[in-house]
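Before any comments, here is the structure.
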């Protein structure tokens, strides 16, 4: 009796295993028939080892890639499956994948059935995950790094008008004299016009509008407030402050000299290239007079401004942090790039390798930064100015 029972149990287990194996084969067959072709058609272009693309850090051409997920984690995790990132993406609930056009409803239903089965997947990774990195050579060919080509006959007004027309927008009509004067005054000197100015300008406007505008703009540009109004924007870029900030807040008693240099440069309509050269290498530029040399030296305050970690006890670390801060400011202000991101690794988004960063750092390391005061006077007699040396 016991032997017969054991035989029946063995037969039952064999049938169960056979049934389970058959069911598993059906699941895999379903994957090969409905799921793999859909993944190839709609997903592999941006998420496969074969194309070398891993957008969002996600690979969808292997089981391991789907389980590992991308920048947002496992795309199949979720209970129920309708809460998974994959399901939300193909249904355009949150993410929208594929981004240009949603999958057909029939394909989405096939994925639903597959997910309900437990997402069976026979695919195995054949090689290592493709590393996501920046192609430096391709990056350098991007239009942003090419010299701009002039467009014949293109003026700012024509470009603006064309953009407005493409959006079916109509330009605002001409402003009246009081409105125009307020706009000019606030734009150029940051102050409203006085009642007397309004009366004078309105009278001139009635006689000859174009001549009145020209004369008023010239007069506003000659005011010292023009340099203050527009120079302050450069001071923001140059991280202007009158102290080091951070943990030990030591004053810069001569910071005002750099501030006034910037204001004077705007008021004198100093050419931009000259303005930049003086701030980066003013102490090395030729000067015709002592006054020119002193102005160039003051301009290099651009490199000396900013926060400083004066509590740093490692001199070498302090020096490298100082250089990094100078590189960061210079590259953002002049190039519109975050070169300092390449201090520890190649830049993730711009064609700037770490080797370029340290080549630039070598130039700044050859520069000695002085702050125009002596240790005994710092924060005690800040009003006692040190006389600038002559050339």
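Residue numbers (the UniProt record's numbering): 1 to 391.
Ideal Cβ positions, reconstructed from N, Cα and C, are used throughout, including at glycine.
Open item on the list: Applying the 10 Å Cβ sphere with the 16-neighbour rule, what's the burial state of residue 229?
Closed with: buried
TODO: May I have the straight-line CA-CA distance separating residue 335 from residue 143, to the nearest angstrom?
DONE: 14 Å
TODO: Compare the Cα-Cα distances from residue 190 to each of 38, 307, 226 and report the closest residue.
DONE: 226
Open item on the list: Please classify residue 357 as buried or exposed, where buried requires at least 16 neighbouring CB atoms within 10 angstroms.
Closed with: buried
Task: residue 106, buried or exposed, once every other Cβ within 10 Å from all chains shown has been counted against 16 - done: exposed
Task: Residue environment, residue 87, which counts as buried when at least 16 other CB atoms sit within 10 Å - done: buried
- [ ] Compute the beta-carbon to beta-carbon distance between residue 364 and residue 327, rounded to the nearest angstrom, for a pair I have assumed lies under 8 Å.
- [x] 6 Å
Task: Three-state class that DSSP yields for residue 153 in the structure shown - done: coil
Task: Collapsed DSSP secondary structure at residue 55 in the structure displayed - done: helix
Open item on the list: Nearest by alpha-carbon distance to residue 349: which of 111, 96, 140, 258 is it?
Closed with: 140
- [ ] State buried or exposed for residue 158, treating a residue as buried only when at least 16 other CB atoms are found within 10 Å of its CB.
- [x] exposed
Task: Cα-Cα separation, residue 244 to residue 341 - done: 22 Å
Open item on the list: For residue 178, which residues in the same chain have their Cβ closer than 6 Å to its Cβ, ignoring the five residues on either side in sequence?
Closed with: 198
Open item on the list: Extract the residue ranges of the alpha helix (DSSP H) inside the region 258-323, only unbroken runs of 4 or more that lie entirely within it.
Closed with: 272-281, 290-299, 301-304
Open item on the list: Taking the alpha helix (DSSP H) that residue 216 belongs to, which residues open and close that run?
Closed with: 209-221
TODO: Pull up the DSSP beta-bridge partners for residue 251, would you.
DONE: 243
Open item on the list: I'd like to know whether the C-beta atoms of residue 59 and residue 49 end up nearer to each other than 8 Å.
Closed with: yes
TODO: Could you tell me whether the Cβ of residue 286 comes closer than 8 Å to any Cβ of chain D?
DONE: The structure shown has no chain D; it contains just one protein chain.
TODO: Consult DSSP for residue 161 and reduce its assignment to one of helix, strand or coil.
DONE: helix
Open item on the list: Using only the alpha-carbon positions, how far apart do residue 124 and residue 63 sit?
Closed with: 6 Å
Open item on the list: Buried or exposed, going by whether 16 or more other CB atoms sit within 10 Å of the CB of residue 284?
Closed with: exposed
Open item on the list: Buried or exposed for residue 389, going by 16 or more other Cβ atoms inside 10 Å?
Closed with: At residue 389 the pLDDT is 40, less than 50, meaning the model places this residue with poor confidence; the figure from the coordinates comes in the next sentence. It is exposed - the Cβ of residue 389 has fewer than 16 other Cβ atoms within 10 Å.
Open item on the list: Please return the same chain residues whose Cβ sits closer than 8 Å to the Cβ of residue 248, not counting the five positions on each side in sequence.
Closed with: 310, 311
Task: C-beta atoms of residue 212 and residue 205 nearer than 8 Å - done: yes
Open item on the list: Taking the alpha carbon of residue 174 as the reference point, which residue from 266, 209, 29, 35 has its own alpha carbon closest?
Closed with: 209
Open item on the list: Please return the same chain residues whose Cβ sits closer than 7 Å to the Cβ of residue 234, not counting the five positions on each side in sequence.
Closed with: 262
Open item on the list: Could you check whether the region 153-171 touches the region 102-116, counting it as contact only if at least three pairs of C-beta atoms, one from each stretch, sit closer than 8 Å?
Closed with: no
- [ ] Look at the Cβ atom of residue 56, then the Cβ atom of residue 70, and state whether they are nearer than 8 Å.
- [x] yes
- [ ] Out of 33, 299, 242, point me to the one whose CA is closest to residue 258's CA.
- [x] 299
Open item on the list: If distances are taken between C-alpha atoms only, which option among 330, 223, 37, 92 comes closest to residue 269?
Closed with: 223
TODO: From the DSSP output, in three-state form, read off residue 173 for me.
DONE: coil
TODO: Could you tell me the boundaries of the alpha helix (DSSP H) in which residue 123 lies?
DONE: Where residue 123 is concerned, there is no enclosing alpha helix (DSSP H), given that its DSSP letter is neither H nor E.
Task: Residue span of the alpha helix (DSSP H) that contains residue 40, given as start and end - done: 36-42
- [ ] Check whether the Cβ atoms of residue 239 and residue 305 sit closer than 8 Å, and answer yes or no.
- [x] yes
Task: Rounded straight-line distance, which links the Cα of residue 160 to that of residue 344 - done: 42 Å
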